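Participant:
Protein chains in written order, with the working numbering: chain F, 1 to 183; chain G, 184 to 354.
1. So with Cβ pairs under 8 angstroms, would you call residue 3 of chain F a contact of chain G?
2. What's the gap between the Cα of residue 75 of chain F and the Cα of residue 47 of chain F?
3. Where does residue 184 of chain G fall in DSSP's three states?
4. What first and last residue would you give for the alpha helix (DSSP H) that runs through residue 351 of chain G?
5. For residue 238 of chain G and residue 127 of chain F, what's the separation of their Cα atoms in angstroms?
6. Can you name, in chain order, every residue of its own chain whose Cβ lies under 6 angstroms from the Cβ of residue 321 of chain G, other than the five neighbours on each side?
7. In chain order, what residues of the same chain have a beta carbon less than 6 angstroms from the beta carbon of residue 132 of chain F, not counting five sequence neighbours either side?
8. So, helix, strand or coil for residue 26 of chain F, using DSSP?
9. Going by other Cβ atoms of all chains shown within 10 Å of its Cβ, with 16 needed for buried, is residue 331 of chain G buried or exposed?
10. With the cut-off set at 8 angstroms, would you say residue 272 of chain G and residue 105 of chain F are in Cβ contact?
11. How would you write the range of the alpha helix (DSSP H) that residue 65 of chain F sits in, first residue to last?
12. Indicate whether at least one CB of chain C lies closer than 8 angstroms to the CB of residue 259 of chain G.
13. Pull up the CB-CB distance for residue 15 of chain F and residue 88 of chain F, whole angstroms please, since I reckon it's below 8 angstroms.
14. Have a look at residue 137 of chain F and residue 30 of chain F and give me their C-alpha separation to the nearest angstrom.
15. Give, in chain order, every residue of the stretch 118-147 of chain F whose Cβ lies closer than 8 angstroms to some Cβ of chain G.
16. Are residue 304 of chain G and residue 73 of chain F touching if we call contact CB-CB under 8 angstroms?
17. Between the C-alpha atoms of residue 232 of chain G and residue 286 of chain G, what's the straight-line distance to the nearest angstrom?
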């Protein structure tokens with residue numbers, strides 16, 4: 001007699017779930033997160049609102065979106081082993097594919113078509129990052145105080161060079177205290 | 184090797200708001216320490232965005248590989264995700280709940296994140312005006328990424344192909 005399986009997934013199921021999505025999706029977190037959500041729902045592992053509650057949490061900790069999403073949903077599904085499964089599943093495919101490209105890169109980099117392709121692929125970076133910045137700026141609720149502190153933070157970070165990370169945290173702390181003060 | 188690990192661990196700490204925000208910091212650090220030439224870093228970013236996975240993570244893997252081979256690639260990748268993984272594991276739930284409930288932290292992080300992404304834009308803006316070809320692609324990709332729901336992947340691949348054709352004709 002066949003026993004119906006428990007619908008909570010284990011390590012290998014979660015690992016292969018994220019491994020598959022990570023291997024098949026190019027374009028980073030903004031492309032991957034909606035795919036993860038739909039696939040989780042289709043598997044019956046997690047409902048949409050539960051997913052977006054978790055996703056809201058992931059945005060207030062550091063780390064790539066796709067990685068954090070895999071870690072948090074993995075843990076929700078299967079505790080620590082789900083967490084590990086999400087970690088390995090999301091990270092192994094990029095790691096392997098980047099290494100494969102790096103192996104062959106030196107022997108093909110002087111080829112005109114390859115060099116041209118990389119130049120072209122790089123040429124969209126200023127546009128794509130500017131678009132991300134534009135969307136973040138547009139989505140925020142602005143006050144005069146926030147506008148001034150953001151502009152100052154931008155200048156400080158650009159000038160900071162290799163001190164950018166400590167400067168970033170000082171700025172965040174300063175911005176925190178500014179927020180707390182009455183207008 | 185130690186400075187590779189420390190540098191990427193430090194960068195990972197600041198990776199709020201997704202991966203693209205920290206590419207500017209990675210550039211400042213990698214060029215500042217003389218690990219790669221500007222053209223080499225440009226190629227690293229180009230490869231990082233046409234491979235699956237987060238761009239910042241792929242860039243870290245490639246920089247590590249350039250410096251110390253496979254071991255370097257593994258160490259750099261692990262270092263850049265170390266902070267998120269530990270924070271997520273130990274204090275993730277608490278910290279996230281706490282910072283969600285406090286609007287001040289959320290807003291402070293927004294200020295920081297917007298500054299980070301602007302630093303990244305600033306780092307790459309010069310390449311947009313380096314040639315008419317780059318300028319056209321930069322404007323086109325900005326417009327399509329901002330005002331349409333076009334998948335960025337097709338933009339990247341499309342301009343890669345345009346670059347190949349361009350270099351065959353004029354190169």
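Note that CB positions come from ideal geometry on N, CA and C, so glycine has one too.
All of these numbers come straight from a predicted model, not from anything done at the bench.
Facilitator: Taking the coordinates as given:
1. Reliability of the predicted coordinates at residue 3 of chain F is poor, the pLDDT of 44 falling under 50, and no value is obtained from them.
2. 15 angstroms
3. coil
4. 335-353
5. 15 angstroms
6. 311
7. none
8. coil
9. exposed
10. no
11. 65-108
12. In the displayed structure, chain C is absent; the protein chains listed are F and G.
13. 6 angstroms
14. 17 angstroms
15. 118, 119, 120, 121, 122, 123, 124, 125, 126, 127, 128, 129, 130, 131, 132, 133, 134, 135, 136, 137, 140, 146
16. no
17. 33 angstroms
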